[in-house]
Structures are given as structure tokens and as C-alpha cells.
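Residue numbers (this note's numbering): 27 to 195.
Yeah, the Cβ is synthetic: ideal placement off N, Cα and C, and Gly gets one too.
This structure is a prediction, so every number in the text was calculated from the model and none was measured.
Below is one structure; the comments refer to it alone.
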């Protein structure tokens, strides 16, 4: 799989054998990403990201984070389907930690059943995230295993179908 916001990178990875594209900029203007994924018959994950990676944490603002992420992910899924990506090849990711505050992340995690109701499987990636450090006081990402495990178990309990993790042993 490949994590990217750029269609050219996705095409190169797909040509090299990748079968899944995690579009970390799924809400950005499409530069051919959806067409590339559809043409390859690959899987597609629409990840929510507010802003640009360099500045996304500067001042993330939402009136209602759950409602806005829900609408934006639905829009991304509709665009993917319209581009020819098969429904059973789609997944969504609320983008925990990507352009969101601690409170936004917690609200999205509490709302996982609602996001799961959108249809596509939901991917949750909380492993080692900074919000876990804020909650637990654990500064080093590599020392956040307990928080990573707890948040992954809770996400699975709340119907997340895919968990992105760092520690697999």
C-alpha cells in the first residue's frame, strides 16, 4: 500500500505492485488520484485531513467536528464511486491527529458507530499519536503502547474494521 496525497506517487506505487492507496488528502482537489486508483482496480482509503500537513495543527477549527468529518468523508466516498472505484474497495479514515485537536480526536472516536454507518469500513489509526501523550502524560511516542492498545481495542469495539498500528508483535 501507499500513503500519499499525490496521484503521480500513487500511480508509480500502483505500477510497482501496490494494491491499496491511502489518500491522505482525500478532500483536496483531485489531481487524477481517483482515476488512477480506479484504472488500477485498487483499494482506496479516503482519509480526512483538514489543512496541509505542515500547518494542519496550527489552529484546527470545526463548528461540529463529527458532522463536518462525516459530510466530507461521504463526499469523498461519493466521488470515489463516481470515478469507478468499487464500493467493496473503499474504506474511510476520520484522520485522527490530522488537523484536529485533542477534543476533536476524542469526539471522533466517540462517534465511530456513526461514522461506521456511512457504509465503507472505517480505518482508525491512533497508534503512538500525540493525543495519547496528552491524555497519559507519556512524552515519547515509542512509549505509548498502552494508550495505543487501549484506543485500538475501543475503536474495534465501536465497529472500526481496520486498525493502523506500529507494534504488531
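Identity of the residue in the options nearest residue i by Cα
{"i": "residue 37", "options": "52, 58 and 53", "result": "58"}
{"i": "residue 61", "options": "33, 150 and 85", "result": "33"}
{"i": "residue 43", "options": "50, 149, 49 and 63", "result": "63"}
{"i": "residue 83", "options": "129, 181, 146 and 54", "result": "129"}
{"i": "residue 93", "options": "103, 134, 40 and 115", "result": "134"}
{"i": "residue 51", "options": "68, 31, 164 and 80", "result": "31"}
{"i": "residue 141", "options": "163, 80, 181 and 126", "result": "181"}
{"i": "residue 161", "options": "100, 132, 178 and 186", "result": "132"}
Range covered by the alpha helix (DSSP H) that runs through residue i
{"i": "residue 59", "result": "59–66"}
{"i": "residue 104", "result": "91–108"}
{"i": "residue 175", "result": "171–183"}
{"i": "residue 142", "result": "138–142"}
Residue i, DSSP secondary structure in three states
{"i": "residue 125", "result": "coil"}
{"i": "residue 43", "result": "coil"}
{"i": "residue 35", "result": "helix"}
{"i": "residue 163", "result": "coil"}
{"i": "residue 75", "result": "coil"}
{"i": "residue 135", "result": "helix"}
{"i": "residue 158", "result": "helix"}
Extent of the continuous beta strand (DSSP E) to which residue i belongs
{"i": "residue 119", "result": "116–119"}
{"i": "residue 30", "result": "28–30"}
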